[in-house]
Each structure stands twice: as structure tokens, then as C-alpha cells.
Amino acid sequence: MKLIYEGKVKAVYDAGGGKAVIVFRDDITAGDGAKRETMKGKGAINAEISARLMEVLEEEGIETHFIEYRRPDRMVVRKVEIIPLEVIVRNVAAGSLVRRYPFREGQRLDPPVVEFGYKSDEYHDPMLNDDIALALGLCTREELEHMRATALRINDVLKGFFSERGIILVDFKVEFGRADDGRVILADEISPDTCRFWDAETGDVMDKDRFRRDMGDVMGFYRALRERVLAG
Ligand code: UDP
């Protein structure tokens, strides 16, 4: 298969017939790739979690690029043109929100906060507003509104899904792509690399913050998260 894109932890191949295959590697990175390690089995865990969550969203009527999970570490998807925006939804203050503004870590955000970032390592993913996204020609106003509304629907579905499993969905990042018919659909991945998950009972961090903040046992918590995502 022809390599279309090689990212920091994933590679995307053209599978023909309007399809692509995403291969999740065992790498884990933070700080725009400044910190990096390899953890055996991590790619497979993220592929399986991402595939299951995309399925859950499809069942709730949210259009995604997901077609099927290929054991152990890949997803077959619809080929799309990625819109270079990171759409972040937050239910609880953490991470960069707490560093940039006077929020307390753990403070509830109701209604949830939606943020757009410009996907660019060179510029360090700066937050942008609608006018900047439009002036850069990244998408149309309708597409922006569609992405905002869809991100909030995704949040509703996933918040409920995780709450039933004793997990708080603190925040997450999603990306969208244009399909060949021009429709803007959910793309990329949804995994512990791109979300924050806290155990509702113990407060344990079950996501990439364990790596970012050197909290230890990254794989143990990624595995535990997979068990709970696949349960029931
Ligand atoms: N996130 C991501 N990719 C990025 C930036 C953020 O997947 O390039 C996710 C991150 O894992 C978290 C949410 O988006 O779940 C909000 O991240 P935040 O802005 O707090 O940034 P961070 O603290 O990770 O720098």
C-alpha cells in the first residue's frame, strides 16, 4: 500500500477504492514530539479503543470515517481530506486550560468549552477563532458550525458512555475530514492519547497525562481503559 501520511504515532496508507488504512504504532510522544518513547502493545490498544468508540458514535448517528477494525493495530477508514483543525471539547478544566487561564484543575465546565486549534507543529497548534480559521481558508463557516455542533454531540455520547463505565471524560480532541462527496465527517482517532479520562471513584488518571507528567504505569492504565471500553 502507498504511504499517504506518516505522523508521530500513526501511518496512513492508501488502500484503494476510496479507503485508507491507519496503522497505530507503539510510539508515544508529548510536547510536539520533544519527549518520545516506545511502549509495546500501545498501538494495538489505541486502535481497538478508537475503533470501538467510532462504532459507538456511528450507532448514535454520527458520521465517521470508520469502516472496520483490523486486529491488532489498524483501522480501515474512508479516505478523507483532513481539515487542519483540532477541535477540543472540555467538561472539566485540566492541561493547557489551567496553564493559560485562572481555572482550578478539576473545575467543572458547564456548559462544556469548545476550542479550535490550528494543527501545526511549526506554530505549536495555536488556538484560533472563527475569523482566523476562515481568513486562513481552512474551512467554510458552515463547516465550522457543523464541526462545533458535531463535537458537542460526540461529547454527549461519549460522556454518557464513559460515565456508565465509572470514568469521567475530562476533555478530548477530534479532527474532521472531507469525504469525496464533500461531507465533513469525524476522522483520525479517539484514544487515551487524545482524551483525558479520570476514574470516577479513585481519581486515577487513565490517559497520556501519565506519560506527559511521568506518573508511571502508562500501559497498565491504557490496558485497564481498554477493558472498560470493551465491557458491556
Ligand atoms: N490534545 C491532543 N492533541 C493535541 C493537543 C491536545 O490530542 O495536539 C488533547 C489532549 O490529549 C487533551 C485535550 O486535547 O485530551 C486538551 O488538551 P490541552 O489543550 O489541555 O493540551 P495539553 O495539556 O495536552 O498540552
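Just so you know, we're using my numbering here: the sequence shown kicks off at 3 and counts up by one.
Glycine included, each C-beta is placed from N, C-alpha and C at the ideal position.
Given the structure is predicted, the values throughout are model-derived calculations rather than measurements.
Quick one: which unbroken beta strand (DSSP E) runs of 3-plus residues sit fully inside the segment 80 to 147? Chain order, please. 87 to 94 and 110 to 120
Check whether the Cβ of arginine 198 sits closer than 7 Å to any heavy atom of the ligand UDP, and report yes or no. If you number the sequence shown from 1, residue 198 lands on position 196. Result yes, Cβ under 7 Å from the ligand UDP.
Under the assumption that isoleucine 90 contacts glycine 119 (Cβ atoms under 8 Å), give the Cβ distance between them as a whole number of angstroms. For the purposes of this step, residue 90 is taken as the residue at position 88 of the sequence shown. For the purposes of this step, residue 119 is taken as the residue at position 117 of the sequence shown. Correct: roughly 7 Å between the Cβ atoms.
Do leucine 59 and leucine 188 come within 8 Å of each other at the CB atom, strictly closer than that value? Position 186 of the sequence shown, counted from the first residue, corresponds to residue 188. Position 57 of the sequence shown, counted from the first residue, corresponds to residue 59. Result yes, Cβ atoms of leucine 188 and leucine 59 sit closer than 8 Å.
Taking just the CA atoms, how far does serine 98 sit from glutamate 107? By 1-based counting over the sequence shown, the position of residue 107 is 105. By 1-based counting over the sequence shown, the position of residue 98 is 96. Computed Cα separation, rounded: 10 Å.
When the distance is taken between beta carbons, is alanine 46 closer than 8 Å to aspartate 16? As a first step, residue 16 must be located in the sequence shown, where it is residue number 14. As a first step, residue 46 must be located in the sequence shown, where it is residue number 44. Result no, Cβ atoms of aspartate 16 and alanine 46 do not sit closer than 8 Å.
When the Cα atoms are used, what is the spatial distance from glycine 43 to glutamate 70? In the sequence shown, counting from the first residue as 1, residue 43 sits at position 41. In the sequence shown, counting from the first residue as 1, residue 70 sits at position 68. For glycine 43 and glutamate 70, the distance between alpha carbons rounds to 19 Å.
Considering Cα atoms alone, identify which of Lys21, Lys161 and Arg225 is closest to threonine 66. The residue labelled residue 66 in the question sits at position 64 within the sequence shown. Among Lys21, Lys161 and Arg225, the Cα nearest to that of threonine 66 belongs to Lys21.
Can you confirm whether the segment 188 to 200 touches the segment 48 to 59 when touching is taken to mean that 3 or more C-beta pairs between the two stretches lie within less than 8 Å? yes
Starting from glycine 63, follow the alpha helix (DSSP H) in both directions and report where the run begins and ends. Locating residue 63 in the sequence shown gives position 61, counting from the first residue. Looking at the DSSP string, glycine 63 is not in any alpha helix (DSSP H), and its letter there is neither H nor E.
Please classify valine 11: does DSSP put it in a helix, a strand, or coil? By 1-based counting over the sequence shown, the position of residue 11 is 9. In the structure shown, valine 11 sits in coil (DSSP, three-state: anything other than H, G, I, E or B).
For the structure I just gave you, are there three or more beta carbon pairs, one from the segment 31 to 42 and one from the segment 209 to 222, closer than 8 Å? yes
Give the DSSP-derived three-state secondary structure of isoleucine 156 in the structure shown. Within the sequence shown, the letter at position 154 stands for residue 156. Note: isoleucine 156 maps to helix in three-state DSSP.
Whose C-alpha, out of Glu191, Val82, Arg150 and Asp34, is nearest the C-alpha of proline 114? Mapped onto the sequence shown, residue 114 falls at position 112. Nearest C-alpha to proline 114: Arg150.
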